[in-house]
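Visitor: In the numbering used here, the protein residues as written are -5 to 410.
For glycine and all other residues, C-beta sits at the position ideal for the given N, C-alpha and C.
Owing to the predicted nature of the structure, the values given are computational and were not obtained by experimental measurement.
Starting off with a structure, shown below.
Written as structure tokens, this is what we have:
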């Protein structure tokens, strides 16, 4: 018998390309048996699907949920603001309140403007860099969203003009040699280098972004840090604080408002003051409910030392990964930063590692653990949630090991 969620997904595909609004929220066909297609509600660190099954969630809506789902203090602030209104004919005082807060905690936030998504913030910073330098070319490193400047690699199939390839070059993230080569080659044409500061991998040193800062300063090129994911998760001041690197401009979104739609682009006043000379606005940038949510979220982070908790719970999870790998005799180890760690299967056989990883995640869904690749930690993940997750992860990994032997010939290569 077809599950209600399967039927709902079939109907969604008739009206919605992909059946969803976000690429990363598409159901993986390889996990069709165990991965939920829709989530109906969430509370704390748990979510429930259309069939009513409960999961301990480590994906956190792709990163925005820092405190936990339906966090009372944040939602109450939104309810209070709702009594006064959502959007007005002039600016809300909340805009300055939040701008002051960001100015105080983000290293380079001399000036602040708001948008709604990470893509918006990144694109705005690129526009500012081009306006200030009067140069048109940019270098990108990492994923920065869907706008044309960040999607030239797939043109023209994605509707991006081929001519933009003359204005954008991509540096594979972490490749210092390529970064140096391209910056030295194109420096007189470059308005900026935009890069994510951390790629959620094993390199937690910050060496790459520090090298980019050194090179861009040497050649007088603006450095934009895409902190859409790292901001308010790695530290209160984001990766700039965590790695001790100050960018010229930076983009924030996701974790700053605990799931409410808001982004910010910040930087040195001599660059953001370019906005006094040209238009770059959107009606909903000052929408008050998200501003209220961000003010409440960041206030909780400051008062409750949220990041200390994220790192403690993340380390507990990583230590547990190492124990279960040792107990089950698997060549694997915990890697990455505690706020987004992962278990890396590390046998010489890469195909075996990929098969086992796929099977483990398949079984984790079955166990009621929602995770894909990286285990994001929220303030609502408590010690008992981590310990329960590790028990289920152990059971899932045991079954994955058995299934790998049985299903080896039938498992197709799986690409995330």
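Quick check: the region 165 to 178 against the region 295 to 307, are there 3 or more CB pairs under 8 Å?
Guide: The region 165 to 178 is not in contact with the region 295 to 307.
Visitor: Near residue 333, which residues of its chain fall below 6 Å by C-beta distance, leaving aside the five closest residues on each side in sequence?
Guide: Excluding residues within five positions, the ones whose Cβ falls inside 6 Å are 227, 304, 308 and 371.
Visitor: Taking only the alpha-carbon atoms, compute the straight-line gap between residue 175 and residue 133 and give it to the nearest angstrom.
Guide: Residue 175 and residue 133: Cα-Cα distance of roughly 12 Å.
Visitor: Classify residue 285 as helix, strand or coil using the three-state DSSP reduction.
Guide: Helix.
Visitor: With distance defined between alpha-carbon atoms, name the residue in 368, 324 and 14 nearest to residue 396.
Guide: The residue with the shortest Cα to Cα distance from residue 396 is 324.
Visitor: Residue 220 by DSSP, collapsed to three states: which one?
Guide: Here residue 220 sits in strand by DSSP.
Visitor: Verify whether the separation of the beta carbon atoms of residue 37 and residue 63 is less than 7 Å.
Guide: Closer than 7 Å, so yes.
Visitor: Take residue 390 as the anchor and find which of 403, 356 and 366 has the nearest alpha-carbon.
Guide: Checking every option, the nearest Cα to that of residue 390 belongs to 356.
Visitor: Identify which residue in 147, 184, 211 and 224 has its Cα closest to the Cα of residue 200.
Guide: Looking at the Cα atoms, 224 is the closest of the given residues.
Visitor: Can you round the beta-carbon distance between residue 218 and residue 120 to whole angstroms, since I take them to be within the 8 Å contact cut?
Guide: Their Cβ separation, rounded to whole angstroms, is 7 Å, which keeps residue 218 and residue 120 in contact under 8 Å.
Visitor: Quick check on residue 141: buried or exposed, where buried means 16 or more other Cβ atoms within 10 Å of its Cβ?
Guide: With fewer than 16 other Cβ atoms within 10 Å, it is exposed.
Visitor: To the nearest angstrom, how far is the alpha carbon of residue 293 from that of residue 300?
Guide: Taking the straight line from one Cα to the other gives about 10 Å.
Visitor: Please state whether DSSP places residue 147 in a helix, a strand or coil.
Guide: Three-state result, residue 147: helix.
Visitor: Taking 7 Å as the CB-CB cut-off, is residue 135 touching chain D?
Guide: Here chain D cannot be found, since the structure has a single protein chain.
Visitor: Looking only at its chain, what residues have a beta carbon closer than 7 Å to the beta carbon of residue 253, apart from the 5 residues adjacent to it on each side?
Guide: Excluding residues within five positions, the ones whose Cβ falls inside 7 Å are 55, 58 and 59.
Visitor: By the three-class DSSP mapping on this structure, what secondary structure does residue 111 have?
Guide: If DSSP states are grouped into helix, strand and coil, residue 111 belongs with coil.
Visitor: Pull up the DSSP beta-bridge partners for residue 363, would you.
Guide: For residue 363, which the question treats as bridged, DSSP gives the partners 50.
Visitor: Can you list, in chain order, the stretches of the alpha helix (DSSP H) that have 4 or more residues and sit fully within the region 150 to 224?
Guide: Listed in chain order, they are 170 to 180 and 201 to 213.
Visitor: Smallest Cα separation from residue 49: which of 85, 88, 392 and 375?
Guide: For residue 49, the nearest C-alpha among the options comes from 375.
Visitor: Which residues does DSSP list as the beta-bridge partners of residue 134?
Guide: 164 and 188.
Visitor: Which class does residue 278 belong to by DSSP, given the choice of helix, strand or coil?
Guide: Three-state DSSP puts residue 278 in a helix.
Visitor: By Cβ distance, which residues of its chain are closer than 6 Å to residue 284, with the 5 residues on each side in sequence left out?
Guide: Here the set comprises 251, 254, 255 and 256.
Visitor: Would residue 209 and residue 177 qualify as a contact pair, given that the criterion is a beta-carbon distance under 7 Å?
Guide: Yes, Cβ-Cβ distance for residue 209 and residue 177 is below 7 Å.
Visitor: So, is residue 85 buried or exposed, given that buried needs 16 or more other C-beta atoms within 10 angstroms?
Guide: Counting Cβ neighbours within 10 Å, residue 85 comes out exposed, since fewer than 16 surround it.
Visitor: Could you check the C-alpha separation between residue 125 and residue 231 for me, to the nearest Å?
Guide: Their Cα atoms are separated by approximately 27 Å.
Visitor: Within its chain, find whatever has a CB closer than 7 Å to the CB of residue 4; leave out the 5 residues flanking it on each side and keep chain order.
Guide: Excluding positions up to five away in sequence, the list is empty.
Visitor: Can you tell me where the beta strand (DSSP E) holding residue 18 begins and where it ends?
Guide: That residue, residue 18, is in no beta strand (DSSP E); it is neither H nor E in DSSP.
Visitor: Which word fits residue 330, buried or exposed, when buried means at least 16 other C-beta atoms lie within 10 angstroms of its C-beta?
Guide: Buried is the call here.
Visitor: Assign residue 10 to one of two classes, buried (16 or more other C-beta atoms within 10 Å of its C-beta) or exposed (fewer than that).
Guide: Per the 10 Å Cβ criterion, exposed.
Visitor: Cα separation between residue 271 and residue 265?
Guide: Rounded to the nearest angstrom, the two C-alpha atoms are 11 Å apart.
Visitor: For a test of the three-state rule: what should DSSP assign to residue 140, helix, strand or coil?
Guide: Of the three classes helix, strand and coil, the one that applies to residue 140 here is coil, per DSSP.
Visitor: Rounding to the nearest angstrom, what Cα-Cα distance links residue 365 and residue 234 in this structure?
Guide: Going by the C-alpha atoms only, they are around 27 Å apart.
Visitor: Can you give the Cα-Cα distance for residue 211 and residue 153, rounded to whole angstroms?
Guide: Their backbone Cα atoms lie some 34 Å apart in a straight line.
Visitor: I'd like the list of long-range same chain contacts for residue 149, defined as Cβ closer than 6 Å, with 5 residues on each side in sequence excluded.
Guide: Counting only Cβ-Cβ distances below 6 Å, and skipping sequence neighbours, we find 156.
Visitor: I'd like to know whether the C-beta atoms of residue 351 and residue 339 end up nearer to each other than 7 Å.
Guide: Going by C-beta atoms, residue 351 is nearer than 7 Å to residue 339.
Visitor: Across which residues does DSSP place residue 329 in a beta bridge pair?
Guide: Note: residue 329 sits in a beta bridge opposite 336.
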